[in-house]
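In the working numbering, the protein residues as written are 23 to 173. From the three backbone atoms N, C-alpha and C, an ideal C-beta is built for every residue, glycine too. As the structure is a computational prediction, the values presented were derived from the model and not from experiment. Let me begin by presenting the structure, written as structure tokens, before commenting on it.
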Ligand SMILES: [Zn+2]
């Protein structure tokens, strides 16, 4: 095996102790016989492995945990209001919509009006409008209070 390939294995599977016994023995035989690869392994241990091996998990002071808790709680606070208020807004909007639809239904829906009677209704109003615009006001007299006031 070439030294480049050996060193790739040294810095990965060998250093992680992931090799099977046969491969491990082969790598160690090469390390014993090759000064460059032995130096490479020692350098790797000195710079990348040993400094980390003695690290202890550090205790975080209380104020760090308080900051973390504050941020978590602050992030949860608006989520709660976003869940409640849009539902309330939707409910109000839907009630308002049904109320408005009900008003229009009662104002304009005439269940006894057929296509023919609707035509007659429109014709009647068209005739009335024609009378109002085509003649002077004396010929149209509804005898309402407002007419009596002005005429
Ligand atoms: Zn070598």
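In this structure, the straight-line span from the alpha carbon of residue 138 to that of residue 107 is close to 50 Å. Those residues that bring their Cβ nearer than 6 Å to a heavy atom of ligand 1 are 25, 28, 52, 56, 58, 59. Taken in chain order, the complete alpha helix (DSSP H) segments of 4 residues or longer contained in the stretch 26-58 are 43-55. About 6 Å separates the CB atoms of residue 33 and residue 66; that is less than 8 Å, so the two are in contact.
Residue range 72-75 is occupied by the alpha helix (DSSP H) that includes residue 72.
The DSSP-derived three-state label of residue 169 is helix. It is roughly 10 Å from the alpha-carbon of residue 89 to the alpha-carbon of residue 96. Around the beta-carbon of residue 116, fewer than 16 other beta-carbon atoms lie within 10 Å, marking it exposed. In the structure shown, the three-state DSSP call for residue 67 is helix. Contact annotation: residue 59 and residue 37 have beta-carbon atoms that are not nearer than 8 Å. Around the beta-carbon of residue 151, fewer than 16 other beta-carbon atoms lie within 10 Å, marking it exposed.
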